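Heads up, the numbering used here is the position in the sequence shown plus 40, with the first residue counted as 1.
Written out below as structure tokens is the structure these notes cover.
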Amino acid sequence: MDRLRTTSALTETTRQAFEMVALRGLPAREVAAELELSVDDVYRIKHRVTKRLRNLTEDLRALHDEGG
């Protein structure tokens, strides 16, 4: 998550929404209400940030495999 924060231009709302729904397991409807987003926005954020994390993980794994 730290690398994601430093390498991606996440807004505070995006970061909060992702952490609330993906890491804390709060329902998307609750996150949407608290952050004044639509439920669809919350799901889009979760998908987009998860994809970025997956890409970062793949990059780190490749570096590790190369010995770097």
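From the three backbone atoms N, C-alpha and C, an ideal C-beta is built for every residue, glycine too.
Note that this is a predicted model, so its numbers are computed, not measured.
Could you compute how far the alpha carbon of residue i sits from the alpha carbon of residue j?
| i | j | result |
| --- | --- | --- |
| Glu106 | Leu96 | 15 angstroms |
| Arg101 | Leu63 | 22 angstroms |
| Asp99 | Met60 | 25 angstroms |
Comparing C-alpha positions only, which one of the options sits nearest to residue i?
| i | options | result |
| --- | --- | --- |
| Leu77 | Lys91, Thr54 and Leu44 | Thr54 |
| Leu50 | Ala73, Ala102, Arg92 and Gly65 | Arg92 |
| Asp42 | Tyr83, Ala73, His104 and Val89 | Val89 |
| Arg69 | Glu59, Gln56 and Tyr83 | Tyr83 |
Do residue i and residue j have their CB atoms nearer than 9 angstroms?
| i | j | result |
| --- | --- | --- |
| Ala72 | Asp81 | yes |
| Gln56 | Leu44 | no |
With DSSP run on the structure shown, which of helix, strand or coil describes residue i?
| i | result |
| --- | --- |
| Ala49 | coil |
| Arg55 | helix |
| Met41 | coil |
| Arg64 | coil |
| Glu76 | coil |
I need the boundaries of the alpha helix (DSSP H) containing residue i, first residue and last residue.
| i | result |
| --- | --- |
| Glu98 | Val79 to Glu106 |
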